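Under the working numbering, think of the first position of the sequence shown as 13, with each following residue one higher.
Written below as structure tokens is the structure these notes are about.
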Amino acid sequence: MERVVLPDDWFIPETIQKQSFRDPWKMIGRELLRVKVRGKPEDNLDPNPKEREILRVRTGKTEYEDAIGKTGDFVMKEKPYGLPLPIEPVAIFPAKDDPDKKSECSIILASKNIGLPSNVF
């Protein structure tokens with residue numbers, strides 16, 4: 013192997029990385045440093061005029077208006093099955109003037125002789 017003698021003023025880098033390092037700020041151009049301002053995006057909550065125009069078109073009666081609505085009107089007007097039942101049973105609450113009034117639930121439970129957790133202890 014041949015020995016190489018370097019001159020006295022020769023610069024020897026401390027690491028290979030230091031020798032191969034290239035400063036990105038010196039390599040990059042000014043046009044890449046400038047940030048391009050982007051415009052404000054469209055608001056997707058604003059109604060689109062073309063969509064509004066399309067949605068305004070009526071093509072006749074809907075299924076609800078045509079079938080279900082007619083059936084409901086017939087049932088309400090003609091009452092083919094008699095008067096409708098009440099939605100909830102009438103509840104009787106004790107009043108200040110008559111504390112002996114009981115609700116329907118209390119009367120039913122009393123007739124069945126069921127021990128409630130509130131009556132056990």
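All C-beta atoms in this analysis are idealised placements derived from N, C-alpha and C, irrespective of residue type, glycine included.
Note that this is a predicted model, so its numbers are computed, not measured.
Straight-line gap, residue i to residue j (C-alpha atoms, nearest Å)
{"i": "residue 20", "j": "residue 13", "result": "22 Å"}
{"i": "residue 57", "j": "residue 64", "result": "13 Å"}
{"i": "residue 37", "j": "residue 46", "result": "13 Å"}
{"i": "residue 91", "j": "residue 72", "result": "28 Å"}
{"i": "residue 33", "j": "residue 55", "result": "46 Å"}
{"i": "residue 50", "j": "residue 69", "result": "37 Å"}
{"i": "residue 61", "j": "residue 52", "result": "20 Å"}
{"i": "residue 97", "j": "residue 67", "result": "41 Å"}
{"i": "residue 43", "j": "residue 24", "result": "35 Å"}
First through last residue of the alpha helix (DSSP H) which encompasses residue i
{"i": "residue 71", "result": "From DSSP, residue 71 is part of no alpha helix (DSSP H); its letter is neither H nor E."}
{"i": "residue 39", "result": "36-39"}
{"i": "residue 66", "result": "61-67"}
{"i": "residue 48", "result": "That residue, residue 48, is in no alpha helix (DSSP H); it is neither H nor E in DSSP."}
{"i": "residue 88", "result": "81-90"}
Neighbourhood of residue i by C-beta distance below 8 Å, restricted to the same chain and skipping five residues each side
{"i": "residue 59", "result": "none"}
Outcome for residue i when other beta-carbon atoms lying within 10 angstroms are tallied against a minimum of 16
{"i": "residue 133", "result": "For residue 133, the pLDDT reaches just 47, beneath the cut-off of 50, and the residue's location in the model is therefore unreliable, although a value from the coordinates is still provided. So residue 133 ends up on the exposed side."}
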